Amino acid sequence: MEYYAQNFDVPHTPPLSPSGAKRALLIGSPTGGLSGPETDLVTIEQVLRRYSFSCTICFLEGRSKFPATRNGIFAAWEQLLQQTSPGDAVVIYYSGHGGLFEKDKNDVSNKRWRLQFIVPLDFDRTTPGDFRGITDVEISSFLMQLTKRTDNVTVILDCCHSANMARGPTRAKALLPRDYPEVWRHIQAMLHQKTIGTDFFLEGNPNVVRFVGATASGSAYEKTFSNGRCMGAFTEAITEALELALHTAPYTQLSWRRILDHVRDRMSRTLPEQYVDVEGPAKRFCFTTSLETQSESLPISMVRGGVDLVLAGGWLHGVSNGDRYAILPYNEYKPTSAKRIATAKVRRVGVSYSEVSVEWEHRFNALPEGAHAILCGKALNRLPIAVHGDGQLQKAMVSHIDQSKYLRNAEPSEQISSLAIVRKENSNIEMKTSVGILRRWAVESADELQQAVEKSMTVLTNLAKAQHLLTLKSRIPWNHGLKVEYGFVDGGVRRPLTDPNYVLSVGQRIYISTRNTSRATVFVWIFELLADNVVLLSNLTPSGREIPAGGHYKFGEVDLTDKLIGSELLWPNHVPADQEIHVNEVVVVTDRMIDLHCLETDSTLREHPKHRERIETELEDIVEQIGHGGVRTWQESEESYKPLKFDVMGLSYKLTPRERHQNTKDG
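Here our numbering is used: the first residue of the sequence shown is 163, the next is one more, and so on.
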């Protein structure tokens, strides 16, 4: 079976077994004057083959098995679909132009605000009724079919999603928008003819990791590097990161978020105006479906000829003077690791980088490639935990709580007002808060006691993060103009929640509708706080859902069809189901993109329904202390900054495990 053209000089990869195969479809479309896609394809293919992927190339006629025309790409998709089996790992890569259509500002319909597309080789042959681009809707439909065969899919897109102009010696990988109505008719015709499905997920396919080289309002670029090669800046960075992962650590122990850290660090030097992101299940280890549990790290590097060490985190990450970090190899995450390279102490904080002094350990005197820093010495305004029970429980819990960055042992006067009470009665350990019982564990032996203590610390840490998110407030009032409506869906009809005493039940479906009534663009995140967990509901856009002036976003609606289906309420795992519990839906709104992923504690609880220079902000400071156990400081930086505007809104209601057909109120 031919997987790549002979023009691409790549070493042969041994055949893979039919079960658990690794396949990659690599698409390069050098339209509109782009010269980098060929180098991009060669580079990404070389790296993926080292990860044991067999590769199919879509490029120029006669130089690859499939041409990168609209029909050629569809043919390659179909072959990939037919070859894929459960357990396979699949990668889809695209390098080329990207485009975007926005509907007219006077169009008040509920049609999608933006239509995104990639640009095949025959795009210039587009005529009325024959659109030759490939829309994001068509890509989503294909991915839906693909993930019915395997749940391990990674998509890498090195293209623009907007039409911003290039600056300097770079070329933007974008085309100017043409005709929104024409493309909208193209999509509607496919839906009517049923050439694409309508069973889309509400917030992106949960089985697809999406690595994007630009945001919906940003540009991706290609440039000529010092070695004389012209290629996509994002492709250069991600292939370097994947190479480093392959040579310095078992890549099955590195998550896509760790890869993202390295990519962003690399691009801060090669093309700082380009903002990359990873969407979907980014906590997955590379090319697997396993999830990491530790993600609190920052890159660190040497500058000034190896004299100074710089931490890739500053005020916007919540870094403060005097903070201490454990510097670890690429594949280590525990600050207590015997493989610790050094201990770093922050001595000067900048906007997005901080200078540190170091004490080397184990005869190290320089940083290996891929080294990163884990916070090991920083105190939050820790929340009190009361422990009631016998001596064994007291000793074990008190010791663990003393070492926590989020918790402390309650004083005698705080026993009732503490965040939670952990108590042992007979052979049961119970964890209780002011709103209900979070956990019960049966304990019959010392080993079971130790396991219960360790599990309780995880629950309590998540609970502390949730509590801090609930109390997140801006010190500066902001009239952002975002209107929010919370409700549930009943027979396809939305029923707004207007009474705080509402009780919803498992199986009902909620929606959250937001509308921007201001004259400026805002960015929105929707979180759900359920028991001890914080879940990002709007997970399709982890750096914020962009809502233009007059625009709207409805969580629970399939925007392509305007069908409101809502998101099903589920009972949280391990929480006793003999009670009602409180649920909080939280909406965060800001005036620009930031990364809030560290606020999330567990994304698996919910169903999956269907300018580069960063500046210090109050919200980012708070976010990092919640996510990473930092301390709030208001020390002025030597650099000037423009405060980020933000607000937090929310609704609290009760959830019962009993299914009911109609909503009721507490009596």
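Even glycine gets a Cβ: it sits at the ideal position worked out from N, Cα and C.
What you are looking at is a predicted structure, and each value in this text was computed from that prediction instead of being measured.
What is the rounded straight-line gap between the Cα of residue i and the Cα of residue j?
| i | j | result |
| --- | --- | --- |
| Leu-666 | Trp-733 | 11 Å |
| Ser-639 | Asp-809 | Note that residue 639 is Pro in the sequence shown here, rather than Ser. The alpha-carbon atoms of Pro-639 and Asp-809 are separated by roughly 8 Å. |
| Ala-558 | Leu-632 | 29 Å |
| Thr-818 | Ser-566 | 32 Å |
| Ser-381 | Asn-735 | 41 Å |
| His-770 | Ser-482 | Reliability fails at His-770, whose pLDDT of 43 lies under 50, so the model's placement of it is uncertain and the value that follows must be treated cautiously. Rounded to whole angstroms, His-770 to Ser-482 spans 37 Å at the Cα level. |
| His-849 | Asp-427 | Because the chain is modelled from 163 through 829, residue 849 falls outside the range shown and cannot be assessed. |
| Leu-634 | Met-811 | 10 Å |
| Ile-206 | Gly-654 | 45 Å |
| Gly-182 | Asp-250 | 4 Å |
| Ser-388 | His-409 | 23 Å |
| Leu-555 | Ile-578 | 19 Å |
| Thr-288 | Asn-663 | 56 Å |
| His-630 | Gln-741 | 24 Å |
| Pro-282 | Thr-763 | 40 Å |
| Gly-375 | Pro-658 | 38 Å |
Using beta-carbon positions only, say whether residue i and residue j come within less than 8 Å of one another.
| i | j | result |
| --- | --- | --- |
| Leu-305 | Asn-233 | no |
| Ala-506 | Ile-489 | yes |
| Thr-401 | Cys-392 | no |
| Tyr-256 | Leu-319 | yes |
| Ile-536 | Pro-497 | yes |
| Val-371 | Ala-444 | yes |
| Ala-399 | Val-440 | no |
| Gly-598 | Ile-672 | no |
| Gln-670 | Leu-731 | yes |
| Asn-678 | Gly-649 | no |
| Asn-369 | Asp-298 | no |
| Phe-215 | Leu-203 | no |
| Arg-311 | Pro-229 | no |
| Asn-695 | Ala-628 | yes |
| Arg-544 | Tyr-515 | no |
| Lys-725 | Thr-676 | no |
| Glu-384 | Leu-196 | yes |
| Arg-585 | Pro-738 | no |
| Thr-316 | His-259 | no |
| Val-686 | Val-745 | no |
| Ser-589 | Glu-606 | yes |
Where do the ends of the beta strand (DSSP E) carrying residue i lie?
| i | result |
| --- | --- |
| Lys-557 | Per DSSP, Lys-557 belongs to no beta strand (DSSP E); it is in the alpha helix (DSSP H), 553 to 564. |
| Gly-195 | Careful: Gly-195 lies outside any beta strand (DSSP E) and carries neither H nor E. |
| Trp-239 | First-last for Trp-239: 232 to 245, but that is the alpha helix (DSSP H), not the beta strand (DSSP E). |
| Val-745 | 743 to 752 |
| Phe-689 | 684 to 692 |
| Ile-219 | 216 to 221 |
| Glu-830 | Lying before the first or after the last residue shown, residue 830 is absent from the chain, which here runs from 163 to 829. |
| Ile-709 | 707 to 709 |
Just verifying my parser: in three-state terms, what is the DSSP assignment at residue i?
| i | result |
| --- | --- |
| Ile-578 | coil |
| Arg-329 | For Arg-329, the predicted model reports a pLDDT of 27, less than 50, meaning its position is unreliable and no value from the coordinates is stated. |
| Trp-522 | strand |
| Gln-278 | strand |
| Asp-439 | strand |
| Thr-397 | helix |
| Phe-293 | coil |
| His-550 | strand |
| Arg-820 | coil |
| Phe-449 | coil |
| Glu-300 | helix |
| Ala-831 | For the chain, the structure presents residues 163 to 829; residue 831 sits outside this window and is missing. |
| Leu-600 | strand |
| Arg-185 | strand |
| Leu-262 | strand |
| Asp-757 | coil |
| Glu-402 | helix |
| Arg-502 | coil |
| His-714 | strand |
So, under 8 Å CB-CB, residue i and residue j are touching, yes? Tell me the CB distance rounded to an integer number of Å.
| i | j | result |
| --- | --- | --- |
| Glu-690 | Val-684 | Actually they are not in contact, since the Cβ atoms of Glu-690 and Val-684 sit about 20 Å apart, beyond 8 Å. |
| Gly-291 | Ile-280 | Their Cβ separation, rounded to whole angstroms, is 20 Å, which puts Gly-291 and Ile-280 out of contact at 8 Å. |
| Leu-699 | Ile-709 | With 8 Å as the limit, Leu-699 and Ile-709 do not qualify as a contact, their Cβ atoms being about 15 Å apart. |
| Leu-581 | Thr-595 | 7 Å |
| Thr-231 | Leu-188 | Actually they do not touch by this definition, with Cβ atoms about 15 Å apart. |
| Leu-277 | Arg-185 | At roughly 29 Å, the Cβ-Cβ gap does not stay under 8 Å, so Leu-277 and Arg-185 are not in contact. |
On the DSSP letters alone, give me the boundaries of the alpha helix (DSSP H) that residue i sits inside.
| i | result |
| --- | --- |
| Val-615 | 608 to 632 |
| Leu-429 | The residue you asked about is not Leu; residue 429 is Met in the sequence shown. Note, Met-429: alpha helix (DSSP H), 418 to 432. |
| Arg-657 | No alpha helix (DSSP H) holds Arg-657; the beta strand (DSSP E) holding it covers 655 to 658. |
| Val-315 | Where Val-315 is concerned, there is no enclosing alpha helix (DSSP H), although the beta strand (DSSP E) it sits in stretches over 315 to 320. |
| Thr-201 | 199 to 212 |
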